[in-house]
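K.L.:
Just passing along the structure, written as structure tokens.
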Amino acid sequence: MGGVEERGFLRGSDRTGQECAAGSAPHPACLAAVPRGALSAPPAMPHFTVVPVEDKHRAEYDSVEGLSWVDYREPAAAPAAGDSYDTVSSDGHGNHKENSPFLNSSEASKGGDYYDKNLALFEEELDIRPKVSSLLGKLVNYTNLTQGVKEHEEAESTDGSKKKVSKSPSMGTLMGVYLPCMQNIFGVILFLRLTWMVGMAGVLQSFLIVLLCCCCTMLTTISMSAIATNGVVPAGGSYFMISRSLGPEFGGAVGLCFYLGTTFAGAMYILGAIEILLTYIVPQAAIFYPSGAHDASSAMLNNMRVYGTVFLILMAVVVFVGVKYVNKFASLFLACVVISILSIYAGAIKSIFDPPEFPICMLGNRTLIRDQFDVCAKTIVKDNITVASKLWENFCHNTNLTTENCDEYFLLNNVTEIAGIPGAASGILKDNLWSNYLEKGEVLEKAHHPSVDVAGQKSNFHLYVLSDISTSFMVLVGIFFPSVTGIMAGSNRSGDLKDAQKSIPVGTILAIVTTSLVYFSCVLLFGACIEGVVLRDKYGDAVNKNLVVGTLSWPSPWVIVIGSFFSTCGAGLQSLTGAPRLLQAIAKDNIIPFLWVFGHGKANGEPTWALLLTALIAELGILIASLDMVAPILSMFFLMCYLFVNLACAVQTLLRTPNWRPRFKYYHWALSFLGMSICLALMFISSWYYALVAMLIAGMIYKYIEYQGAEKEWGDGIRGLSLSAARYALLRLEEGPPHTKNWRPQLLVLLKLDEDLHVKYPRLLTFASQLKAGKGLTIIGSVIQGNFLETYGEAQAAEQTIKNMMDIEKVKGFCQVVVANKVREGIAHLIQSCGLGGMKHNTVVLGWPYGWRQSEDPRSWKTFIGTVRCTTAAHLALLVPKNVSFYPSNHERYNEGNIDVWWIVHDGGMLMLLPFLLKQHKVWRKCKMRIFTVAQMDDNSIQMKKDLATFLYQLRIEAEVEVVEMHNSDISAYTYERTLMMEQRSQMLRQMRLTKTEREREAQLVKDRHSIARLESLYSDEEDEGDTVPENIQMTWTKEKCDAEKRNRGSAVGSFRDLISIKPNQSNVRRMHTAVKLNEVIVNRSHDARLVLLNMPGPPKNTDGDENYMEFLEVLTEGLERVLLVRGGGREVITIYS
């Protein structure tokens, strides 16, 4: 074996191997190799065979140290010398077979149990948690790994052959983020409305609008970058970020807002495309024509509705048939946008030295619609004859140059022609710096142009270029804002990016900087190159129905017209592609139940139903038919989405949650709050009523998700915010006890469970919910008897049962189940430790121990009295509802009846406060309150009644007041007899309550030792709690012990005789007298009351009288259907002061 020792890696010498094989004294090396089961059973220890290791395998084993490779089989079953030594078989005790324990490439692929065996210490954890290797593998591939499931690993191993190799993300910053963001940001507004905005607001205010909107998106991008780089963001973009940061309620509300915004954006792009088509490309394609001079706008709107619906259907079909085509053409649409923008810059540069020819015809200082006439003059010379021009005919309605019917303004003002594009060198910029807002129907006028100021005929106003809507700074903000949206395009593609955490911030910020520079430069160029009246001309009427921005472009206006048409069509398709996927993501999260149907789609996952809903909502936008009306709607939804992105970042930053570790470092909570403020301001600036509607929609969705109970735990920031707020509030509460004005019962309800862990008296919960009405603290506590380690699962089940019952009874509060060896100890723990800081209970609600008289087991009422003593010691108030099964349910209503308060002793005002709180609930609302107090012999009952009425008036409590006189202090024979019966019964039960074991022990003692055990010693507290007595008892008697037994022999023997001659205790007689007399009075006055509230007497200081105390309480409440025994906590709980 020396050769084996040199060549192999066995631990120990060959003597060790022989000893192990021979079964001699165990060597440590043997013990290392023996399975645990073998050590625990020496006789069954198997034989061991040392296995030699060949030289040729050495290279494989050098890296493994200290492994003893042995065969546990019987010698007869050992392998032949030529066998391959790659198995360790069972030792006959069910130990798992294992393939070769050495991790080489060929064996590892065969041996699936290698990790499980090597990690045997963690085998229980592996049932519920993934192995590190599979966890990392799935994280690398961005698969959605749910925490701790072996099924994932099993599925992976079984279905590995069927799975496709996942394509690794390969898109960089340029293609994955920068260009998609550019394509989404540049849109219809740039081409159709930016010139008009510059004309109306002037260059300076246009700069301010662009600056506001771009600041909003830049700050939002900074917040979004922080969130997007704080871990992997799957597809779903902003919805995913907000829902996982702020919780399902905010996520669902904002996700739907973002969805509606994207859907209306699709409608806006379609309307833009139709406007370009019908106004600038093929005006003759219009279906509706104006019947009169003033019906042009309504005819146009109807055309937009018809063509828009047709376009929407076509686009929806394209999206349904093949989304891949939409994505393929995305780059073509982006190229259209880029070429169009470059043509604007080219035209602006060319206008410096060669401005394009677009003359504008002016009548006085008013701008005329160019397509209504051919020559810009009142008269023309034709064959040397001056004849009326088309313009004269329009204003004078004749051709013979007579002026009787002519428009006065036309006669008094000259017709002039000015350049529509004066060029960048013309100095027109200073005229366009300032705003020139117009009301709807106002004529576009050129300031400082010579004119005679007369009104002219209203009937001829259709010949001028008019303002179609009223404009203001606020209106323009709402219309322009959609042209800066689209910043989420990069985060939506995070799954396709090679390095999303680097690409998203860089690409999005670069896209915003680029687009902002383009907008700022365009505002400046439009103001510097184009005449003001042309800028204010929304549809290019003054320049012969040309697109205004097209008049500046080079080489031809058609470059921009065609480019903008295709880009708007492409943007519409992108919106109709993205919106259904967003809705599908929300539906699949199942936080809004009624949307579940939209989570389904075609076999390949395409969201068919979501696309249908998106098309229907987009149709609503198209029926509005006005680009200027739709733009503010989608502005609202996008602004709300951006507002919550900023809020999410600010909350996470301020909370400093441990998981908040963004790779993007250039963020700050102040920037997020600034972004949030700008978003909120822009919402109300652009349209306050749309803002309110958007907030109302989001609020309704939020409350709906909250009401439905979205049971999602996404580690969101709102939960962290709640924890921080709770901690802050609890620390504030610690500063001192609450003022009397703020005191309200904070309940600890002690529930009893039956053997099946069901709540024994659910009406206790009903009573608690009626008393609290959702205000303050309610803790439902219960005790399970046993060992915590053994009954933990039972405690969890009991807690779930109680929570379900709390939901049924509408109790808003917390549940705490304690496991204790003794019920009394468990209740004491609950009373001491429930609550946190200043948020602790001040009142205990305890059930009455029904059937305590009939039960041979005294534990129930001893536990009850022990709890009463505990609450008194802790200075807590105590409520004991008796006959709680007769209490009303939450569905009952008392339309009449009384709540009677019997105020015997002052307990801090609890008796006054409780009926007032109960009457807040709909069950007790219509009940009247009556207060009874008791007058003794030396009391002035009339004065007492007046004082009590005054006191209640100052307390602002409405109640009838009655003073009951109890003059007769003579103890009746009934009282005396009742007390005697009570004491005889107690004595008899004390003797009869012997367990079978104790009676056997007594018989044994009498027979063997001629002595009787003292009965008193058999009732220690420990035995009451259920401690068992051993069945076979052996006692050793000493002389002293025998003498003591003889001395005490007479006490037990005479006890049965004493029952007959017993005399009641005078203290007990007095207490019974009080109970009987009070009960007579209470039953007489309050037998028909809905509820009777009564002071609960305190338990006796001497524990010997505990059973009598229970009897007193029974007598006090006899004959009353519903009683609430109340014991104050030793402090004032109600005050007359404000």
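For the sequence shown, position 110 (counting from the first letter as 1) is numbered 882 according to this note's numbering, and the numbering increases by one without interruption.
By construction, the Cβ of each residue, glycine as well, lies at the ideal position given by its N, Cα and C atoms.
This one's a predicted model, so the numbers in the text were calculated from it and none came from an experiment.
1) Counting pairs of Cβ atoms below 8 Å between the region 1128-1148 and the region 1216-1229, do you hit three or more?
2) Output needed for P1329: all residues of its chain with C-beta closer than 7 Å, excluding positions within five of it in sequence on either side, in chain order.
3) In three-state terms, what does DSSP make of L1519?
4) Report the option in S1288, H1169, G1258 and D1203 whose CA atom is closest to the CA atom of Q1229.
5) Which same chain residues end up closer than 7 Å to C1178 when comparing Cβ atoms and leaving out the 5 residues on each side of it in sequence?
6) Around the C-beta of E1189, are 16 or more other C-beta atoms found within 10 angstroms, so that it is buried, or is it exposed?
7) What's the call for H1647, buried or exposed, on a 16-neighbour Cβ count within 10 Å?
8) Does the beta-carbon of Q1572 have 16 or more other beta-carbons within 10 angstroms, so that it is buried, or is it exposed?
9) Can you name, in chain order, every residue of its own chain whose Cβ lies under 8 Å from the Cβ of V1331, other than the five neighbours on each side?
10) Are A1847 and L1896 close, meaning C-beta to C-beta below 7 Å?
11) If you draw a straight line from the C-alpha of L1395 to the C-alpha of T1386, how long is it?
12) So for Y1060, helix, strand or coil by DSSP?
13) Just to confirm, is the Cβ distance from L1454 to V1673 under 7 Å?
14) With F1409 and G1680 assumed to form a contact (beta carbons below 8 Å), what rounded beta-carbon distance in angstroms separates them?
15) Checking the sheet assignment: what are the DSSP bridge partners for D1526?
16) Compare the C-beta of L1319 with all C-beta atoms of chain B and state if any pair is closer than 7 Å.
17) Going straight from the alpha carbon of A1197 to that of G971, what length do you get?
18) Quick check: the Cα distance between Q1692 and V1898, rounded to an integer number of angstroms?
19) Could you please give the first and the last residue of the uninterrupted alpha helix (DSSP H) stretch that includes I1477?
20) I need the straight-line Cα distance from M1076 to N1208, nearest angstrom please.
21) Identify the residues that DSSP records as bridge partners of R1138: which are they?
22) What residue range does the beta strand (DSSP E) around G1553 cover?
23) At which residues does the alpha helix (DSSP H) containing D1400 begin and terminate?
24) Enumerate in chain order the residues of its own chain whose CB-to-CB distance from Q1356 is below 8 Å, with the five nearest sequence positions on each side excluded.
25) Return helix, strand or coil for F1911, following the three-state DSSP convention.
26) With a cut-off of 8 Å, do at least 3 Cβ pairs link the region 982-994 to the region 1410-1424?
27) L1529 to V1555, Cα distance in whole Å?
28) Alpha carbon to alpha carbon, what distance is there between H1601 and V1591?
29) Taking all protein chains shown into account, do 16 or more other C-beta atoms lie within 10 angstroms of the C-beta of Y1097, making it buried, or fewer, making it exposed?
30) Do you know how far the Cα of F1636 is from the Cα of G1553?
31) Which residues in the same chain as I1450 place their Cβ atom closer than 8 Å to its Cβ, once the five residues preceding and following it in sequence are excluded?
32) Within a Cβ cutoff of 6 Å, which residues of the same chain sit near T915, ignoring the five residues on either side of it in sequence?
33) With DSSP as the reference, identify every bridge partner of M1701, one or two as the case may be.
34) On the criterion of 16 or more Cβ atoms from any shown chain inside 10 Å, does L1289 qualify as buried, or is it exposed?
35) To which residues of the same chain is G1250 closer than 6 Å at the C-beta, ignoring the five residues directly before and after it?
36) Under the three-state reduction of DSSP, which class applies to E1732: helix, strand or coil?
P.N.:
This is what the structure holds:
1) yes
2) N1318, L1319, G1322 and T1323
3) strand
4) H1169
5) F1167 and C1168
6) exposed
7) exposed
8) exposed
9) I1111, S1112, S1115, G1322 and S1325
10) no
11) 14 Å
12) Inspection of the sequence shows that residue 1060 is occupied by Phe rather than by Tyr. Three-state result, F1060: coil.
13) no
14) Actually they are not in contact, since the Cβ atoms of F1409 and G1680 sit about 55 Å apart, beyond 8 Å.
15) Bridge partners of D1526: none, in fact.
16) No chain B is present in this structure, which holds just one protein chain.
17) 18 Å
18) 19 Å
19) W1460 to Q1480
20) 28 Å
21) L1135 and E1217
22) T1550 to Q1557
23) L1399 to L1427
24) F1370, G1371, G1373, P1379 and A1382
25) Residue 1911 falls outside the range modelled here, since the chain spans only 773 to 1910, and no answer is possible.
26) yes
27) 11 Å
28) 10 Å
29) exposed
30) 15 Å
31) L984, C987, C988 and L991
32) The predicted model places T915 with a pLDDT of 39, which falls under 50 and marks its position as unreliable; any figure quoted below should be read in that light. The answer is none, since no qualifying residue turns up.
33) I1671
34) exposed
35) P1404, S1407, S1458 and S1459
36) strand
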